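Each residue of the sequence shown is one higher than the last, beginning at 146 in my numbering.
Worksheet: the structure to be examined is printed underneath.
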Amino acid sequence: MNVLVTGGAGYIGSHTALALLEAGHSVTVLDNLTNSSTVALQRVEALSGRPVNFVNGDILDSTLLDTIFSSQSIDAVLHFAGLKAVGESAAEPLTYFINNVTGSLTLCNAMKKANVFNLVFSSSATVYGEPTSMPISEDFETGAPTNPYGRSKLMVEECLKDIAASDSRWCIALLRYFNPVGAHSSGMIGENPSGLPNNLLPFISKVAAGKLKELCVFGDDYPTVDGTGMRDYIHVVDLADGHLKALNRIVKSPGVSVWNLGRGEGYTVLQMISAFENATGCKIPYRVVARRSGDIAECWADTYKAQVELGWTALRTVEDMMIDTWRWIRKNPDGYKN
Ligand code: NAD
Ligand code: UFG
Numbered sequence: 146m147n148v149l150v151t152g153g154a155g156y157i158g159s160h161t162a163l164a165l166l167e168a169g170h171s172v173t174v175l176d177n178l179t180n181s182s183t184v185a186l187q188r189v190e191a192l193s194g195r196p197v198n199f200v201n202g203d204i205l206d207s208t209l210l211d212t213i214f215s216s217q218s219i220d221a222v223l224h225f226a227g228l229k230a231v232g233e234s235a236a237e238p239l240t241y242f243i244n245n246v247t248g249s250l251t252l253c254n255a256m257k258k259a260n261v262f263n264l265v266f267s268s269s270a271t272v273y274g275e276p277t278s279m280p281i282s283e284d285f286e287t288g289a290p291t292n293p294y295g296r297s298k299l300m301v302e303e304c305l306k307d308i309a310a311s312d313s314r315w316c317i318a319l320l321r322y323f324n325p326v327g328a329h330s331s332g333m334i335g336e337n338p339s340g341l342p343n344n345l346l347p348f349i350s351k352v353a354a355g356k357l358k359e360l361c362v363f364g365d366d367y368p369t370v371d372g373t374g375m376r377d378y379i380h381v382v383d384l385a386d387g388h389l390k391a392l393n394r395i396v397k398s399p400g401v402s403v404w405n406l407g408r409g410e411g412y413t414v415l416q417m418i419s420a421f422e423n424a425t426g427c428k429i430p431y432r433v434v435a436r437r438s439g440d441i442a443e444c445w446a447d448t449y450k451a452q453v454e455l456g457w458t459a460l461r462t463v464e465d466m467m468i469d470t471w472r473w474i475r476k477n478p479d480g481y482k483n
């Protein structure tokens, strides 16, 4: 297939672009580079031995989208482009709603004009809000994400359901990611957060690399095994593989399909620290501080639907996630800036 990957220079997009190329698909990446580097795409080309057609631009630019769709025959779109910093979304909700919601609708409009109806959307477990039981299956009610970023994901999901209901040509996958971490085993592509990391494993990695003094553990009074927050961490290479499986499935299934992409197993913050220390031999100094506003106690996936319908299971362990993250960090101490 000829696949347009929006946000393909970013963390998950670059790993998925590589998986697409390795599976024999052709890839055009549209990215405005607000949170990424073209070096990632050069490395994807080097790893796959195949070219990426890169367009530097914005999903909000409908003229550019029309040009992309009219200049080549695109079969499907994997839509990763978006802003994702939860705290920033509370400070700048308009920016998030315009970029993530208006951007997605602009993209859908251009797809419809070009008769391209296969779409895989990067959603998030955040759309489930604060469920009362675990694990979370796809038929759980959505609602009440705790921040504008989460609401932008839920809004796009709702819009896509209406769009698909109005026209049976649409084939849409909503992929609800749990907590993507890790890096490609080559150490050539990985997560490259700018500034102070928001997420746990990038923060642990910076502490291990000596760039930050200690990790702040946000609360140890949650109702979990050791009191710290529990999440379902999933290796980014498994996540990328899940996209390929979803893409292959939706091209034969009109309508909207929803799949959780997680491992189905929760790890607490303290368990993640121990796993990192055991896998890498690095000591992670930490201090327990107050809970972070908006955090939930625990969140992990019921993976049955993805297993049965996509034939997909996450294969990589938490130890693999730690080893691959640490290899990426050691090889690229300044991210893609070296
Ligand atoms: P990322 O920031 O590394 O990648 C997103 C990419 O989109 C970046 O390269 C950025 O430059 C690009 N982009 C942003 N706005 C754009 C626009 N208007 N036009 C063109 N390009 C634009 O983030 P990621 O971790 O790879 O996440 C990819 C997607 O998955 C996002 O939609 C994110 O919300 C979603 N998601 C991520 C996580 C996570 O923890 N990483 C969890 C759930 C969902
Ligand atoms: N945590 C710390 N210290 C840190 C960072 C995180 O203790 O410095 C804890 C958090 O409190 C939480 C766990 O580590 O218990 C994981 O936190 P992350 O920030 O890594 O991930 P979240 O689960 O909060 O959020 C992630 C994505 C969101 C997405 C959400 C969906 O960042 O985009 O998963 O589940 F919406």
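Just so you know, even glycine gets a beta-carbon here, dropped at the ideal spot from N, CA and C.
Since we're looking at a predicted model, the values are computed, not measured.
Cβ-based burial, residue i [other Cβ within 10 Å; buried from 16]
i           : result
residue 226 : buried
residue 260 : exposed
residue 258 : exposed
residue 449 : exposed
residue 223 : buried
residue 255 : buried
residue 303 : exposed
residue 244 : buried
residue 240 : exposed
residue 354 : exposed
Residue closest to residue i, alpha-carbon to alpha-carbon, out of the options
i           : options            : result
residue 332 : 296, 476, 165      : 476
residue 428 : 359, 251, 245, 269 : 359
residue 230 : 439, 247, 258, 198 : 439
residue 432 : 405, 349, 190, 330 : 349
residue 169 : 146, 187, 183, 175 : 146
residue 369 : 149, 150, 316, 279 : 279
residue 461 : 204, 171, 409, 342 : 409
residue 189 : 175, 343, 166      : 166
residue 175 : 192, 163, 197      : 197
residue 148 : 232, 265, 191      : 265
residue 164 : 236, 401, 328, 212 : 328
residue 186 : 156, 467, 290      : 156
DSSP state of residue i mapped onto helix, strand, coil
i           : result
residue 443 : strand
residue 347 : helix
residue 293 : helix
residue 457 : coil
6 Å CB neighbourhood of residue i in its chain, flanking five on each side removed
i           : result
residue 457 : 387, 390, 451
residue 323 : 270, 377, 379, 407, 446
residue 472 : 332
8 Å Cβ shell around residue i - same chain, five flanking residues per side excluded
i           : result
residue 179 : 228
residue 343 : 230, 231, 232
Cβ neighbours of residue i in the same chain (closer than 7 Å, five flanking residues each side left out)
i           : result
residue 202 : 175, 177, 209
residue 345 : 414, 417
I'd like to know if the region 419 to 428 and the region 332 to 344 are in contact, where contact means that at least 3 CB-CB pairs between them fall below 8 Å. Contact check between the region 419 to 428 and the region 332 to 344: fewer than three CB pairs, one atom from each, fall below 8 Å, which does not count as touching.
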